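To start, the structure under review is shown below, and the notes come after it.
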Amino acid sequence: MRPRGSSMKYMDWTTFSIYIGLISVGLLMVYTVDYEEATIAGNFFRTSAGKQAIWMVISVLAFFLITLIEWKFWQTFSYLIYGLSIFLLVAVLFLGTNIKGATSWFTFGSFSFQPAEIAKFGTSLALANFLSTYNADMRDIRTQFISFAIFLVPTGLILLQPDAGSALVFMSFTIMLYREGLSPIYFIVGGFLAGMLLLGFVFDIEYIALGLIWGFTLILSLNLKSRKWWWALGALAFFATGILFIQQDLFQLVILLSIAVFLLASLVVWRHKKGRLAFMLNTAVLVGIGISFLANYVFYEILEPHQQDRINVWLQPSKCDPRGSLYNVLQSKMAISSGGLQGKGFLNGTMTKLNYVPEQSTDFIFCTIGEEQGFLGSFGIIALYFLLLYRITIVAERQRSGFSRRYAYAIAGILFVHYIINIGMTMGLMPIIGIPLPFISKGGSSLLGFTVMLAVLLKLDANRGVG
Amino acid sequence: MSDSFKKRQIIIQLIFLAAGIVLVGKAMQLQLIDSTFRNKANATAIEKLTVYPSRGVIYDRDTNLMVNNDPIYDLMVTYNRIDPNMDTSKFCRLLNINEAFFRESLEKDWRSDRFSPSVPFVFMSKISAERFARFQESLYQFPGFFVQLRNVRGYSANTGAHVLGYIREVNKREVEQSEDVYAAGDYIGATGLEASYEEILRGEKGARYVFKDNLGRIIDNYQSKRRDVPPKSGKDLISTIQLDLQAFGEMLMANKRGSIIALEPSSGEILAMVSSPGYDPNDLVIGNEERGKAYLQMNRDSLKPLFNRAVLAQYPPGSLFKPLVALVAMQEGQLKPNRTIRCGGAYYHNGMRLTGCHGHPTCTSVSMAIQHSCNAYFVTVFREVVDQFGFDQPQIGLDTFNAYLNRFGMGRPLGVDFPSEKGGNYPTSRYYTDWFNKQQEGQRWNSLWIRSLAIGQGEIQMTNLQMVNAAAMIANRGYYVIPHLVKGYLNSDDPIPNKYFQRNYVGIESEHFEPVVDGMERAVLAGTARSAYIPDISVCGKTGTAENSGKDHSIFFCFAPKEDPKIAVVVYVENAGFGGTYAAPIASLMIEKYIKGEIDPARRWRLEYIKNANLLGNLP
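Protein chains in written order, with our numbering: chain A, 732 to 1198; chain B, 4 to 623.
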């Protein structure tokens, strides 16, 4: 038995060190971005970096405060915290402040916070608690339904704000659900649908249909034992591609031909007593084409040009105006790229100084790291996040309490989605979604929120022997 | 609970690892491998430069250049790239500005959306080519500044200022309403052909994307120019103006106030459009450092040189109106060509002398009445038209009469391709009914009250364009083509509007024109317009004299030759007296110049006389 109460002795110092490392980097980066401001303002504590420093101190204090709270508190009150965060998400829709088109902030004087931050924490606790009940089993449809409901309710409320970025973060709970036994089929189907959706945004429906049909025909043909079928299908594919290259006008003919070949292959496979596979692939083709068609229709007929731009910036940047919609990403990529291997050095970033990158101290803070610290810096930060996530999985797996393990995976998922999307966005890999880089981006409520999440995890871990 | 999924932790860790590797890979590509940005180590921004198209030039009908393009330079600046230690005094010396101007030009409202310290704005516009040449050598010493080439207008012929119009900078409202066609600082046609054909002439702006370093210097093209959009030059306009004739007309109108319009009756093409006093188009060229002053001066000038009298001024047509009255009366069956109406030196009604006339032989036909411009004859005829449905039904008669005027192109803008054309006026029956009602409830009006309309006086007003259009209509014996200034576009098959080809028939049968044309010919041969006589060209014309506060306005409209007319002319000289004194000889010179190319030596004295006449002293 380990002693209860504040147990600094049993704190996971590895995780804590990485945490301190990340918030220190954050402070330095905020300082360098607003360096000029700092020299003008005179009083350090009035600058962005000064405020960030104060928040850093508050966060570290909060961290230790949490280690003083009885660890059972979090599981006991998990539904209450969840309920409170749902209440706040509803309330913010009516009482919140509208910033940049989204009603997602409560403002009290100069202090403002997003209930979505609390909701992430509350949902983690509630989901972990629910799955720890006696008869919860991820293979069971009822458990699946309630688990999805627990995180989809806040997701829906956040979409009403609307804040697509924060809503996306809630998808990270599927990582924990996977660990707890959610079938991979969900991920395959979900991945397929998401993929078709994205393809539908970019390509013409005919090409998607053709690609799907031939891809699945290939899968079907691999399930045929007889070589002669292989040859027949291969020849037909060759023929169809040939027509396509020579005569664009015969496109519809090629599609019809492909459908015929696909159906033929399905029939043959079905005869080979693999009716289920044939049925599945046929359904997939229909659903896939349907989704792409829908995406295509929505993209060209419903979305406004500026919304189309958002998607194009991510998927087809060459179509975008470098001084218009593409500007942010381009400038961000240029800033990162200009850092080279070693970077320009602390406080020496030129693009930083001249305000060429928008939102530089918040969502685009990684640019500053890339520009001033170079590839070594970028690599270091990414490695640090990976270490943190890896360490959390190790911590998770050593818990005796199922609640603590599930909570740990939930936190890992949230941090993972945040950092991948944020850094990916600054390098043009991900769409422009305004979510902060955990522990580094400027902003008190986000720093405090992540700190609390991590602190609770370490407190649970410190008492892992007790559960 | 047993944990049968413990192995899944490895998959999750692998996902974390894979994602991290992807990010590191992308960072590596951006920071170590990719040359798109790597080679531009100092680049700080991609900027979009506007590439201005050259504005279409304007030719006369024989493709002689009337308006060309001259280069001019705008000095642009990006505020946060200015070197704080730059040599300001040298900079100001090179540009011939003082330091106060320098400071003021840089002090912008950074909080407004219009300016940003990182977006270039115009520091100083319209630097002439010569000043730029001196400045350019030192440009590299002043980071943050760069130069943009623009085109402004140049006029080699110094002719046709009113017709051509001028260009100016767009105003804020135009920028807002243009849906991204115009940006602040762009040029737009302000008046004349420049305004009417703005969309044709302006072309389309292009764009160039470049990398710039932190000093604002262009380092390289973005994506090897793949995103660049080349500008599209404006189309060159061929106008209907004949440069020689236009210049000749302007010379004739020197020191007189009024206007000349000459057009080709069969096509409606305007050959010359003179408004006097005019101005030198070079005075309003953008880049002329005195431009603002010149504009202000012209705006204040009591002679209103900026006012285009050809389309904007509306005058009573005076006796010019008589041929039109005759045409309507004959078409309405109220007048036979050989009718005799006695004139005892005035129009008498019940023994009362009402409208005075001048001494002339008794008119025994319509042509003779036009030849001598008999007031009594036309008042009688006009009243008969108005009273044709009964003396107590003048409103039906007047409306019938007015319907013809409308078809002649009066009382409404004709639709010339020139901005803000005025429409003139003819009084309607409703107008009189209302007016008389206001004087005394229930009072009726009759044809006697409105008799002065018959001789083109009273409420009736026409623009010079409508007058020349009427002359063309008579020359064509019954139709006109809307007068216009565009002939086509150089190197382009774009059609000009169909309305400039259409014949507009006015509803008068051609047989009724012969007495009128004869009368106009006789007026020149042996009537009121003898001063318009040219020995071997049969000119058909009609004088007019419009009374006003000062000396009478001298008016003349005509066409020539009588058969197969080549030109119709209207001349309006303000405060010059009787129509035959100035307007008629000016018109005859225009005709001779156009048809023969030059003035016969035997008539040079007339040219000299007109050229040297200064009538500005006659103004009230």
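Built from N, CA and C at the ideal position, the CB exists for glycine as well.
Since the model is a prediction, treat every value here as computed from it, not as a measurement.
Contact check, residue i vs residue j, beta carbons under 9 Å
i, j, result
"B:Ile61", "B:Leu274", "no"
"B:Ser368", "B:Gly522", "yes"
"B:Gly290", "B:Tyr483", "no"
"B:Phe145", "B:Phe94", "yes"
"A:Met869", "B:Leu26", "no"
"B:Ile241", "B:Met276", "no"
"B:Gln464", "B:Tyr429", "yes"
"B:Lys208", "B:Glu50", "no"
"A:Ala1066", "A:Val1088", "yes"
"A:Ile986", "A:Ala925", "no"
"A:Gln845", "A:Ser1172", "no"
"B:Ile537", "B:Glu462", "no"
"A:Pro1053", "A:Leu1046", "no"
Closer than 8 Å at the beta carbon, the chain C residues around residue i
i, result
"B:Arg137", "In summary, chain C is missing from the structure at hand, where the protein chains are A and B."
For residue j and residue i, the rounded distance between their alpha carbons
i, j, result
"B:Lys129", "B:Tyr318", "40 Å"
"A:Trp1001", "A:Ser957", "14 Å"
"B:Pro233", "B:Asn72", "19 Å"
"A:Arg733", "A:Asn1194", "Bear in mind that the predicted position of A:Arg733 carries a pLDDT of just 47, short of 50, making it unreliable; the figure below should be weighed with that in mind. Computed Cα separation, rounded: 7 Å."
"B:Leu248", "B:Ile589", "12 Å"
"A:Phe1030", "A:Ala1143", "34 Å"
"B:Lys175", "A:Gln1038", "28 Å"
"A:Trp802", "B:Tyr212", "59 Å"
"B:Ile24", "A:Gly942", "29 Å"
"B:Asn507", "B:Tyr612", "39 Å"
"B:Ser591", "B:Ala571", "10 Å"
"B:Ala616", "B:Leu610", "10 Å"
"B:Trp113", "B:Val125", "14 Å"
"B:Phe421", "B:His352", "45 Å"
"B:Leu52", "B:Glu202", "22 Å"
"A:Asp743", "A:Phe1170", "18 Å"
"B:Phe19", "A:Tyr741", "26 Å"
"A:Phe1095", "A:Leu1168", "8 Å"
Cβ distance (whole Å) where residue i is taken to contact residue j below 8 Å
i, j, result
"B:Val576", "B:Cys561", "Not really, about 14 Å apart at Cβ, beyond 8 Å."
"A:Pro716", "A:Leu1057", "Outside the shown range of chain A, which is 732 to 1198, sits residue 716 of chain A, and nothing can be said about it."
"A:Thr1124", "B:Gln16", "5 Å"
"B:Gly459", "B:Pro320", "4 Å"
"B:Val519", "B:Pro326", "5 Å"
"B:Asp183", "B:Ala210", "Not really, about 12 Å apart at Cβ, beyond 8 Å."
"B:Val80", "B:Leu266", "Not quite, the Cβ-Cβ distance comes to about 50 Å (not below 8 Å), so this is no contact."
Close beta carbons around residue i, own chain, < 6 Å, minus the five adjacent residues each side
i, result
"B:Gly582", "Thr546, Gly547, Thr548, Ser557, Ile558, Phe559"
"B:Phe135", "Tyr76"
"A:Arg735", "Low local confidence applies: a pLDDT of 49 at A:Arg735 is under 50, so the model's placement there is unreliable, with the coordinate-based value given in what follows. So no residue of the chain qualifies."
"A:Ser809", "Leu856, Ala857, Asn860"
"B:Ala329", "Val369, Val519"
"B:Phe324", "Gly459"
"B:Tyr407", "Val331"
Cut-off 7 Å between Cβ atoms - residues of its own chain near residue i, not counting five sequence neighbours on either side
i, result
"A:Ile1100", "Met760, Gly1108, Ser1109, Ile1112"
"B:Leu167", "Ile61, Met69, Val70, Gly195, Leu196, Glu197, Pro284"
Sequence-distant residues of the same chain with beta carbon closer than 8 Å to residue i, five excluded per side
i, result
"B:Ser513", "Arg480, Gly481"
Just checking, does the segment 191 to 209 of chain B make contact with the segment 162 to 179 of chain B on the three C-beta pairs under 8 Å criterion? Taking 8 Å as the limit for Cβ pairs, the verdict is that the segment 162 to 179 of chain B does touch the segment 191 to 209 of chain B.
Does the structure place the segment 369 to 376 of chain B close enough to the segment 433 to 442 of chain B that three or more beta carbon pairs sit under 8 Å? Segment contact: the segment 433 to 442 of chain B against the segment 369 to 376 of chain B, fewer than three CB-CB distances shorter than 8 Å; contact not assigned.
Three or more beta-carbon pairs under 8 Å between the segment 445 to 452 of chain B and the segment 406 to 422 of chain B, yes or no? Taking 8 Å as the limit for Cβ pairs, the verdict is that the segment 406 to 422 of chain B does not touch the segment 445 to 452 of chain B.
Are three or more beta carbon pairs between the segment 335 to 345 of chain B and the segment 485 to 503 of chain B nearer than 8 Å? Taking one beta carbon from each stretch, the segment 335 to 345 of chain B and the segment 485 to 503 of chain B have fewer than 3 pairs nearer than 8 Å; the two do not touch.
Touching by the beta-carbon criterion (3+ pairs, under 8 Å), the segment 881 to 893 of chain A and the segment 854 to 872 of chain A: With a cut-off of 8 Å on Cβ pairs, the segment 881 to 893 of chain A is in contact with the segment 854 to 872 of chain A, counting three or more such pairs.
With a cut-off of 8 Å, do at least 3 Cβ pairs link the segment 173 to 189 of chain B to the segment 86 to 93 of chain B? Because the criterion of three Cβ pairs below 8 Å is not met, the segment 173 to 189 of chain B and the segment 86 to 93 of chain B do not touch.
Touch check for the segment 747 to 759 of chain A and the segment 778 to 794 of chain A: three-plus C-beta pairs under 8 Å? These segments touch.
Would you check if there are 3 or more beta carbon pairs closer than 8 Å linking the segment 922 to 936 of chain A to the segment 1008 to 1028 of chain A? Yes, the segment 922 to 936 of chain A is in contact with the segment 1008 to 1028 of chain A.
Hey, is the segment 280 to 290 of chain B in contact with the segment 488 to 504 of chain B, meaning 3+ C-beta pairs nearer than 8 Å? Short answer: they don't touch.
Validate contact between the segment 1132 to 1147 of chain A and the segment 897 to 910 of chain A using beta carbons, cut 8 Å, 3 pairs: Yes, the segment 1132 to 1147 of chain A touches the segment 897 to 910 of chain A.
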